[in-house]
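In the numbering used here, the protein residues as written are 62 to 340.
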Amino acid sequence: MEKITDWSQLWEELVEIRAAGRASGAAEASARDPWNDRARQFKQGVRRRWERPDSSRDFILSQLDAGSTVLDIGAGTGSWAALLARRAHHVTAVEPSEAMIAVMRESLEEENIRNVSIVEGSWPDVYVEPHDFSLCSHAMYGYPDLEAFVLRMIACTRRTCFLLLRAPSLDGIRAEAARHIWGQPLDSPNFTIAYNILIEMGVYANVLMENTGLWKPRVSASIEEAHGDLKRFLGLTDNPEHDGYLLTLLRRRLHWRCGRYLWPPEVRSALVYWNVRGR
Ligand SMILES: C[S@@+](CC[C@H](N)C(=O)[O-])C[C@H]1O[C@@H](n2cnc3c(N)ncnc32)[C@H](O)[C@@H]1O
62 MEKITDWSQL WEELVEIRAA GRASGAAEAS ARDPWNDRAR QFKQGVRRRW ERPDSSRDFI
122 LSQLDAGSTV LDIGAGTGSW AALLARRAHH VTAVEPSEAM IAVMRESLEE ENIRNVSIVE
182 GSWPDVYVEP HDFSLCSHAM YGYPDLEAFV LRMIACTRRT CFLLLRAPSL DGIRAEAARH
242 IWGQPLDSPN FTIAYNILIE MGVYANVLME NTGLWKPRVS ASIEEAHGDL KRFLGLTDNP
302 EHDGYLLTLL RRRLHWRCGR YLWPPEVRSA LVYWNVRGR
C-alpha cells in the first residue's frame, strides 16, 4: 500500500517553489513588495470578477449582523473589507503590502467607509484582538506552515472562520505538468491540500464551491511567453531539463483565438468554513 501523503510537507514544498518562481527575475522593488506595481491592476481584476453575483459572498454576508466584528487577513485592496463593513459593526484588515494598503485606503476613503481599521503586518505574526468572524481570501499561499496560520486564526475568532482557496482542476495544463515532473497533479498550495491539513488538525469544515464556475482562462501572447510563465510557476526558470516536454504540452493544449493563446479554464474557488465553538 502507498504511504499516505504528508499534506503539511507538500504545502510547505509548494509554497517554497512558488516563492522561488516569484523571486526569479523580479526587480528589486517587486522583490521587497510583490504588489508594488500590480495593486491597482489587482483591484480592477476583483471589480471585474465581482460584477457577477457569487455564492461565497452571499453566504458570508448572510452570516453577519450589524453587531459583528470581522477580521480580514490579507485584505489586499480591501474589496472584502469594504463589502463586509457595510453589513458588520467593524472590520480589521490585516495586510503586509504597502502598495496594497495604499490602494485600500484610497478605496475606503472614496466609498466613505469609516468602520475599517488597517493593521500593517503578516499573519500569523501580527497581534489582533479576537473577532466574531475571520476571513482569509487567497492570502495564505505564501505561508509555509498552514497549521500555524489556521491555529492563530482560530485563536482570534469567536464564531466562524472562513477560508477562500483555489481549487484547480486535475486536468489543467499546470496539473498535467506537475504530474509529469513531480509525479502528482497538485501544482500549488490549494484547497485539496489545505482541506486535508484541516482534517489532520481535527477541523471538519464545510465547503461551498463558488457557483460562478471556473475562473476566466489565462491568456498568453505567444507559446514562448506561456512557456516562461509555466516554468516560473513550477520553479523551473533556470532549469532547462523539462523545456521540450513543456513546449510540446503547451502546443497541444493552448488554443489560438483572436490573436492570442487561451489556456483551458482550470481554477475555481472553494469557500471552507467552520464554527470555532462546535469544532
Ligand atoms: C491574492 S491577494 C488577495 C487579496 C484579498 N484577500 C482578496 O481576496 O481580494 C493576497 C494578499 O495577501 C497578502 N498576504 C500575503 N501573505 C500574507 C500573510 N502572511 N499575512 C497577511 N497577508 C498576506 C498579500 O500582500 C496580498 O495583498
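Using N, Cα and C, we set each Cβ at its ideal position, and we do this for glycine too.
Own chain partners of TRP141 with C-beta closer than 7 Å, once the 5 adjacent residues on each side are dropped | As a first step, residue 141 is located in the sequence shown; it is residue number 80 there, counting from the start. Listed in chain order, the non-local C-beta contacts of TRP141 below 7 Å within the same chain comprise ASP133, LEU196 and SER198, local neighbours out to five positions each way being set aside.
Check whether the Cβ of ALA116 lies closer than 7 Å to any heavy atom of ligand 1, and answer yes or no.
-> Locating residue 116 in the sequence shown gives position 55, counting from the first residue. For the record, residue 116 in the displayed sequence is Ser; it is not Ala. Shortest gap from the CB of SER116 to any heavy atom of ligand 1: 7 Å or more.
Of the residues ASN336, ILE65, LEU71 and VAL337, the one placed nearest TYR202, counting alpha carbons only = Here residue 202 corresponds to residue number 141 of the sequence shown, with the count starting at 1. It is LEU71 whose Cα lies nearest to the Cα of TYR202.
Taking MET270 as part of the beta strand (DSSP E), name the residues at either end of that continuous run.
-> Within the sequence shown, residue 270 is the residue found at index 209, counting from 1. Element bounds for MET270: 267-270.
Should HIS199 be counted as a contact of ligand 1 given a C-beta to heavy atom distance under 7 Å?
-> Translated into the one-based positions of the sequence shown, residue 199 becomes position 138. Yes, Cβ of HIS199 sits closer than 7 Å to a heavy atom of ligand 1.
Entirely within the stretch 256-333 and at least 4 residues each: give me those alpha helix (DSSP H) ranges in chain order.
-> Complete alpha helix (DSSP H) runs here, min 4: 284-294 and 304-314.
Near ASP193, which residues of its chain fall below 6 Å by C-beta distance, leaving aside the five closest residues on each side in sequence?
-> Stepping through the sequence shown from its first residue, residue 193 is reached at position 132. Beyond the five residues adjoining it in sequence on each side, ASP193 comes within less than 6 Å, by CB distance, of SER129, THR130, ARG219 and ARG220 in the same chain, given in chain order.
So, do the stretch 267-282 and the stretch 105-123 have three or more beta carbon pairs nearer to each other than 8 Å?
-> Result yes; three or more Cβ-Cβ pairs closer than 8 Å.
List in chain order: all unbroken alpha helix (DSSP H) runs of 4+ residues lying wholly within the stretch 145-189.
-> You should have 159-171.
Given a cut-off of 8 Å, decide if GLY82 and GLY244 are closer than it, judged by their beta-carbon atoms.
-> Translated into positions along the sequence shown, residue 244 becomes position 183. Translated into positions along the sequence shown, residue 82 becomes position 21. Cβ distance not < 8 Å, so GLY244 and GLY82 don't count as in contact.
Cβ of ILE134 within 7 Å of any heavy atom in ligand 1?
-> Here residue 134 refers to the residue found at position 73 of the sequence shown. Ligand 1 approaches ILE134 closely enough that one of its heavy atoms is under 7 Å from the residue's Cβ.
Would you kindly work out how many angstroms separate the C-alpha atoms of VAL264 and PRO301, rounded to a whole number?
-> By one-based count along the sequence shown, residue 264 stands at place 203. By one-based count along the sequence shown, residue 301 stands at place 240. Roughly 41 Å separates the two Cα atoms.
CB-CB under 8 Å to ALA216, same chain, minus the five flanking residues each way: which ones, in chain order?
-> Translated into positions along the sequence shown, residue 216 becomes position 155. Excluding residues up to 5 positions away in sequence, PRO191 lie with their Cβ nearer than 8 Å to the Cβ of ALA216 in the same chain.
Under 8 Å, do ILE254 and TRP96 count as touching if we go by C-beta distance?
-> Taking the first residue of the sequence shown as 1, we reach residue 254 at position 193. Taking the first residue of the sequence shown as 1, we reach residue 96 at position 35. Going by C-beta atoms, ILE254 is not nearer than 8 Å to TRP96.
Taking all protein chains shown into account, decide if LEU122 is buried (16 or more other Cβ within 10 angstroms of its Cβ) or exposed.
-> On the sequence shown, residue 122 is found 61 positions in, with the first residue counted as 1. By the neighbour-count rule (16 or more Cβ atoms within 10 Å), LEU122 is not buried but exposed.
GLN105 to ILE162, Cα distance in whole Å?
-> Position 44 of the sequence shown, counted from the start, is the residue given in the question as residue 105. Position 101 of the sequence shown, counted from the start, is the residue given in the question as residue 162. If you take the alpha carbons of GLN105 and ILE162, they lie about 15 Å apart.
CA-CA distance, VAL177 and ASP304?
-> To locate residue 177, count along the sequence shown from 1; it is residue 116. To locate residue 304, count along the sequence shown from 1; it is residue 243. Taking the straight line from one Cα to the other gives about 47 Å.
Cutoff 6 Å; reference MET214; Cβ partners in own chain excluding five residues on either side | Along the sequence shown, one-based indexing puts residue 214 at 153. SER195 and CYS222.
Enumerated in chain order, which unbroken segments of the alpha helix (DSSP H) with a length of 4 residues or greater are wholly contained in the stretch 77-130?
-> As far as the stretch 77-130 is concerned, its whole alpha helix (DSSP H) runs of at least 4 residues are 89-93, 100-110 and 116-124.
Using three-state DSSP, classify ILE134 as helix, strand or coil.
-> For the purposes of this step, residue 134 is taken as residue 73 along the sequence shown, with counting starting at 1. ILE134 falls in the strand class under three-state DSSP.
Per DSSP, which one or two residues make a beta bridge with ARG227?
-> As a position in the sequence shown, residue 227 is number 166, starting the count at 1. In the DSSP output, where bridge partners are listed per residue, ARG227 has SER330.
Name the two residues that bound the continuous beta strand (DSSP E) containing LEU247.
-> Residue 247 sits at position 186 when you count from the first residue of the sequence shown. Careful: LEU247 lies outside any beta strand (DSSP E) and carries neither H nor E.
Quick one: give me the first and last residue of the beta strand (DSSP E) that CYS217 is part of.
-> The count along the sequence shown starts at 1 and reaches residue 217 at position 156. No beta strand (DSSP E) holds CYS217; DSSP gives it neither H nor E.
For the candidate residues GLY182, TRP184, GLU181 and MET165, whose alpha-carbon lies nearest to that of LEU175?
-> Position 114 of the sequence shown, counted from the first residue, corresponds to residue 175. The identity of residue 175 in the sequence shown is Arg, whereas the question assumes Leu. Of the candidates GLY182, TRP184, GLU181 and MET165, MET165 places its Cα closest to the Cα of ARG175.
Return the CA-CA distance between SER281 and PRO325, expressed in angstroms with no decimal places.
-> Position 220 of the sequence shown, counting from 1, holds the residue named residue 281. Position 264 of the sequence shown, counting from 1, holds the residue named residue 325. Here the alpha carbon of SER281 sits roughly 12 Å from the alpha carbon of PRO325.
Taking the Cβ atom as the reference point for each residue, do TYR322 and HIS241 lie within a distance shorter than 8 Å?
-> Position 261 of the sequence shown, counted from the first residue, corresponds to residue 322. Position 180 of the sequence shown, counted from the first residue, corresponds to residue 241. No.
Pick from GLU63, ARG318, THR66 and LEU75 that is closest to PHE294, judged by C-alpha positions | Counting from one through the sequence shown, the residue named residue 294 turns up at place 233. Of GLU63, ARG318, THR66 and LEU75, the residue nearest in Cα terms is LEU75.
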